[in-house]
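Taken in sequence, the protein lines are chains A and B. Per our numbering, the very first residue in the first sequence carries number 217; after that it's consecutive. Per our numbering, the very first residue in the second sequence carries number 526; after that it's consecutive. Built from N, CA and C at the ideal position, the CB exists for glycine as well. Below is one structure, written out as structure tokens; comments come after it.
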Amino acid sequence: MGEDKMDGSVQQVQTIEIDRERIDHKNEPRFTKTTGEGITEDVVRAISAEKNEPEWMLQKRLKAFELFNKTPIPTWGPDLSKLNLNKIVYYAKPDAKENATSWEELPADIRRTFERLGIPEAERNALAGTGTQYESSVVYHKLKEEWGKKGVIFENCDVALQKHPELFKKYFMTNCVPISDHKFAMLHGAVWSGGTFIYIPPGVKVTAPLQAYFRMNAPGLGQFEHTLIIADKGAEVNYVEGCSIPLYDSTNLHAGCVEIYVHEGARVRYNSVENWSKRTYNLNTKRAIVEKNGTIEWINGNNGSQITMLYPCSILKGEGAKSDFLGIAFASAGQHQDTGAKVIHLASHTTSTTRSKSISKENGITTFRGLLKVAKDAHHCKANIQCDALMLNEESKSDTIPCMEIKNSSADIAHEATVGKIGAEQLFYLMSRGLSAEQAMQMIVSGFIEPIVKELPLEYAVELNKLIQLEMEGSVG
Amino acid sequence: MEPVWLQQERESARKAHAGLQWPNFRYGLTMRMDYSDLPPELVEACVSQQTTQQTTIECADESVIIMPLKEAIEKHSKLVEPYLFKIMAMPNKFAEFHRAFWSSGTFVYIPAQVELESPIVIRKSLAGSNINHTLIVADDASAATIIEIADGQQNGPLFVSNATEIIAKANSSIRFISTQNYPQNIFHFDYKNAEIDQDAQVHWHDCCLGSAFTHSTIHSLLNGIGSESTIKNMFLGSNQQRFDIGAQIVHGASHTHGNIETKGILMDSAKNMYRGLIRIERDAPNSKGYQKEDVLMLSPETEANSIPQLEIENNDVKCSHAATTTHVDKERLFYLMARGISETTARKLFVRGFIEPFIQQLGSPVTAFIEDHIEQRLV
């Protein structure tokens, strides 16, 4: 019985094809507009003018830029001293029509990129809506008609600003992630471009996932897409985000921002599998405000990037609000994954669970940096944090830094963490059943991340497995 | 006249102290232990207005050298000089202050192969502001239990700084049991450090009961292969008491074991900050580290903060940690009260159940003392 199971798994491991080309294929960058390297007030004005934005947005950008200039680079986390912000291209509009609703309208090379990444196929099979961003512009964006009829808004953020100015002004970088939040939120506020705007009307439950894919193609580029999700009372939505970039010698920067409003009784699931290249700085902000009896679920995979700093945050503002976080981080040679989760219990009877798994290989560094806060007036809150770290090599490094700040005595808080390696006995057990050392190791790693992977939509689960497998290649001997 | 090396030691500490900012005890991104009610003048006053703590020492074994630290510097300079202030974690504004201006203390030397049957008991009673230093050198294969009981009736506010250094040489074993029960108007800074050689062990048991504000760090450095350290500590806070408690074990050699277990009870408006750290360095394969912190919050006004941190640089290790925050919930109280037990007694039983495993490890006479103390404090 046990053996049957194992045979199945072995086959599964073997049949996942390893296809680096899919991600690393580069197109010749062709821009119709770019601001060139570096950032000045003129760059900020140019981006705003290019998008024909209302005055308030320009002022907001300029204010953010002013704050950005005044604020030093944070030093409490990974080493950002090698990030040269003057070498980044902050805006580049590719030579393609924006917001196409049919793949045929895209230039052939860009279309092929997304085909290689499997996006049109996923759209046909499973998705309620799809958006794809290429460099600084959203090149394809389409919502299936049935959802549009129910009042669901699924737009490129640039378009949403024009079409739904009231909603936008109310929610964009106001209460959730204000432009003054931190250095890279300020930068984002100044140069944001593209991204996704989702509004689900009260009571509408979107049964198929909405997906966005963010692709950087050009070297030295920065991507600053903004995601704004508003689930009105009793609404439900499942949002999937993927991202990738081919590997270049120069540094890329990703400073996105995700703001989610979960209104009373609503439920939002946010899935993200990030696979930026190992020369990318991923300094990202994700935050949700959850009202009464609302639920936010985060599923977060961090695989790529040279340095990641990302701590999705749930603010449980209404009674009975709930946060569920699942995270996985994989750091191989030269990578530092500094990730974690923040949960702030502001109201009574709020609950949160945080599960994080990290794997460090070679000299990769994984850091779990968490914050759990229970406010004074939040009674009977429950929180559970669990983080497990797997270290594959002697040079690997793993840090766990959970901060817990409990100001109400009726809280029930539990935190657990473990760090370890793959046991020689485990390897021996599998190898004595005919697996090679590499296969055995892959299988143990797959088992370690299984609880997270099984929560992902199928194609992302496969993607994540593939990515991990790529990373695990050659880890033996 | 103090020897030149000690004068130089004090001078370098004075300079280091002057060059450092007052710490703000900020932890994580948002946590902070407030000690703004301690005016810097009260600390500085300590330089000129120290009163030696009344110290009595019980030690049954005559081969042990045990005497005031200043006397030991005169009589046993060779035993003191190589160790004094060599293992305190620097730079630190308050620790440098301590190193520069300490005025009294105790020196304990346990010769090689000597195993003490009964514990050494050091009783210290506050008589005013004081900086007190304890240096313990355990030579090869020696073994001892040292109990330190600190209390005092002095009216504050006062600044008091205590530090303990334990040098545990190969194969030695030291158990250091300490209780601190100062009045609740004392600002107490406490640094406990141990450096532990091959196959040696240092076990700390620390009970923080008194003072208005306590900033305490217990730090064990596992320097020798096969060395071991446990830090088991508790704090009991009522009224406005604040405890900023650190427990750190650094694994610097292979096959080392570390274990941190902290229990805290908070009543009234008491607050705590727990900073736990297990650090396993690259050169420490086959090590095991464990860390656990439990806080029982008995009143709605209490606040419990914690950062149980792990830093692991070697993959051939077993390491885990856990932290919980609980309260006395209504069902459990109801269960006991339904059996005819008054609410007060039920609460006390609950607290006893929480803290008992810790207390039992202390051994006499400390176990009885802590039991009585808790009984009196819980109303």
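Across the structure, S588/B and A637/B are spaced so that their CA atoms are roughly 10 Å apart. Burial check for T869/B: the Cβ neighbour count within 10 Å stays below 16, so the residue is exposed. T582/A carries a strand assignment under DSSP once its states are collapsed to helix, strand and coil. Per DSSP, C373/A is not a residue of any beta strand (DSSP E); the alpha helix (DSSP H) it occupies stretches across 373-379.
Residue range 653-669 is occupied by the alpha helix (DSSP H) that includes G663/A. Between V354/A and the set V375/A, F584/A, N516/A, E611/A, the nearest pair of CA atoms involves V375/A.
DSSP places E321/A in the helix class (H, G or I) of the three-state scheme. In terms of Cα proximity to G252/A, the closest of K533/A, E382/A, A482/A, P435/A is P435/A. For N840/B, at least one C-beta of chain A is nearer than 8 Å to its own C-beta. Around the Cβ of F541/A, a 10 Å sphere holds 16 or more other Cβ atoms; the residue is buried. A contact between stretches requires three or more CB pairs, one per stretch, nearer than 8 Å, and the segment 691-707 of chain B meets this requirement with the segment 726-746 of chain B. About 5 Å separates the beta carbons of I560/A and I531/A, which is inside the 8 Å limit, making them a contact pair. Note on geometry: alpha-carbon atoms of S626/A and K360/A lie some 47 Å from one another. Within chain A, the residues whose beta carbon sits less than 8 Å from that of C844/B are T634, V635, G636, listed in sequence order. Taking I660/A as the centre and dropping the five residues before and after it, the same chain places the C-beta of I638, Q642 closer than 7 Å to its C-beta, in chain order.
Contact annotation for I629/A against chain B: T849, T850 [CB-CB distance below 7 Å, chain order].
Between the segment 479-491 of chain A and the segment 445-461 of chain A, the count of C-beta pairs closer than 8 Å reaches three or more; the two stretches touch. A residue is called buried when at least 16 other Cβ atoms come within 10 angstroms of its Cβ; K303/A does not meet this threshold and is exposed. For the set L641/B, A543/B, F550/B, the Cα lying nearest the Cα of M798/B is the one of F550/B.
At a C-beta separation below 7 Å, S612/A has these neighbours in chain B: N840.
Contact of G553/B with chain A by beta-carbon distance below 7 Å involves L587, C619. Runs of the beta strand (DSSP E) spanning 3 or more residues and lying entirely within the segment 676-715 of chain B occur at 683-693, 698-706, in chain order. Within chain B, Q834, L835, E836, I837 have C-beta atoms less than 8 Å from the C-beta of D615/A, given in sequence order. Assignment of beta-bridge partners to H404/A by DSSP yields no partner. Residue-level contact by beta carbon fails for K358/A and chain B, as no gap is shorter than 8 Å. Contacts with chain A at 8 Å (Cβ-Cβ) do not include T781/B. Among the CB atoms of chain A, one or more fall inside 8 Å of the CB of P825/B.
Chain A places no beta carbon closer than 8 Å to that of S794/B, leaving this residue out of the contacts. From the listed residues D615/A, R340/A, E480/A, the smallest Cα separation to N839/B is found for D615/A. Listed as beta-bridge partners of F883/B by DSSP are no residues whatsoever. Taking C-beta atoms as the reference points, Q575/B and S650/B fail to come closer than 8 Å. As DSSP reads the structure, W514/A sits in a beta bridge with Y486/A, F541/A. Contact fails between the segment 267-287 of chain A and the segment 312-319 of chain A, because fewer than three Cβ pairs, one in each stretch, are under 8 Å apart.
In this chain, the alpha helix (DSSP H) harbouring P336/A covers 335-342. L608/A has a beta carbon lying within less than 8 Å of a beta carbon in chain B. For K558/A, the enclosing beta strand (DSSP E) begins and ends at 558-561.
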